Amino acid sequence: QINRHKELLRSSHKWRRWRSGPQESPEPGVPFEQTVAAVLPPTISADDIRSYVNANLSRLERFVDRELYFRHDAQDRPQEGLSTEEVVDEVIVQALSDGDRPEKLALEPWLYRLAMQAMDEMSARLNDLESPVHLEDSRRRQNVLASDEAALQFHQSDEGWTKESVIADRRLTTPEQAAYSDEMITLVQAALRGAARTDREAFLLYGIEGFSLPEIAAITGRHPEAVRESIDRARQRVRNAPFVAHEFHKELIAKARI
């Protein structure tokens with residue numbers, strides 16, 4: 008027995024040693040998360056989803072409705088195919104499907120993320136199916152509630168309401184822009200009160216109406232250099248008016264630089 012033990016010690020150089028190579032590495036064990044000792048947090052179940060939807064459906068609908076409104080407002084040509092009900096239905100279907108579900112504590116953020124993803128996917132599908140705008144098509148959405156009372160409060164039943172009528176004409180000003188323009192013109196006129204008539208006319212023709220120096224000279228019958236001097240004097244008066252200088256600092260005064 009002693010001789011055998013000595014022989015074993017003499018052959019210690021033949022023992023298998025762990026090397027750093029991938030083939031000589033020890034076999035990995037079972038992850039702790041998969042052992043019996045691991046206590047995993049409960050994941051979301053179908054009953055949890057149903058309970059949340061029953062208690063917070065209106066909150067989820069308001070979130071989807073606001074998000075659709077912002078997306079609709081940010082588009083150059085808004086899509087009318089998405090509705091709040093369709094997005095919420097898609098969210099619930101995806102949540103109840105056999106997919107990866109997070110922990111119970113992340114139920115609400117997970118549903119909101121599903122809502123964002125559903126809106127992106129549904130919008131992408133609508134863009135793929137998008138066709139050229141037919142101006143003769145009706146602008147009204149399909150009536151699935153069998154009631155036109157809300158729409159008829161603003162539009163008559165025999166009124167032609169096509170897609171052509173809702174395409175914005177950028178050449179025309181909106182009521183808000185017109186009101187702002189009228190108000191600013193009134194402020195400029197107040198700032199130029201007391202100025203010479205020629206100075207006021209030259210400044211308004213140049214800064215408000217957008218005429219060039221030769222055009223103003225032709226309109227007023229004056230020399231272009233005299234028009235330039237009138238604009239400079241009027242511009243200085245506008246700069247000294249505190250209630251106008253800030254509004255027209257970037258637009259009118261900068262434009263009036265010759």
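Whatever position you read off the sequence shown (first residue = 1), add 7 for the working numbering. Backbone N, C-alpha and C define an ideal beta-carbon position, used for all residues, glycine too. Given the structure is predicted, the values throughout are model-derived calculations rather than measurements.
Residue 50 sits in a strand when the DSSP states are folded into three classes. The alpha-carbon separation between residue 93 and residue 51 amounts to approximately 23 Å.
Contact between residue 218 and residue 238 does not hold, since the beta-carbon distance rounds to 11 Å and is not under 8 Å. Cβ contact annotation for residue 62 (same chain, cutoff 7 Å, sequence separation greater than five): none. Here residue 106 is exposed: its Cβ has fewer than 16 other Cβ atoms, across all protein chains shown, within 10 Å. Going by beta carbons, residue 202 and residue 244 fall inside the 8 Å limit. When C-alpha distances from residue 55 are compared across 184, 102, 130, the shortest belongs to 102.
Taking the C-beta atoms as reference points, residue 118 is found nearer than 8 Å to residue 67. Closest option to residue 96, judged by alpha-carbon separation, among 65, 10, 109: 65. About 16 Å separates the CB atoms of residue 131 and residue 98; that is not less than 8 Å, and the two are not in contact. Around the beta carbon of residue 228, a 10 Å sphere encloses fewer than 16 other beta carbons of the protein chains shown; the residue is thus reported as exposed.
Around the beta-carbon of residue 120, fewer than 16 other beta-carbon atoms lie within 10 Å, marking it exposed. Per DSSP, the continuous alpha helix (DSSP H) segment holding residue 12 begins and ends at 9–17. Under the three-state reduction of DSSP output, residue 116 falls in the helix class. Of the candidates 184, 190, 242, 183, 242 places its Cα closest to the Cα of residue 212. Annotation: the continuous alpha helix (DSSP H) that includes residue 226 extends over 220–227. Using a Cβ distance threshold of 8 Å, residue 60 and residue 91 do not count as a contacting pair. Exclusion of the five residues before and after residue 223 leaves 209, 212, 213, 234 as the residues of its chain whose Cβ lies within less than 7 Å of its Cβ. Straight-line spacing of the CA atoms in residue 204 and residue 178 works out to 31 Å.
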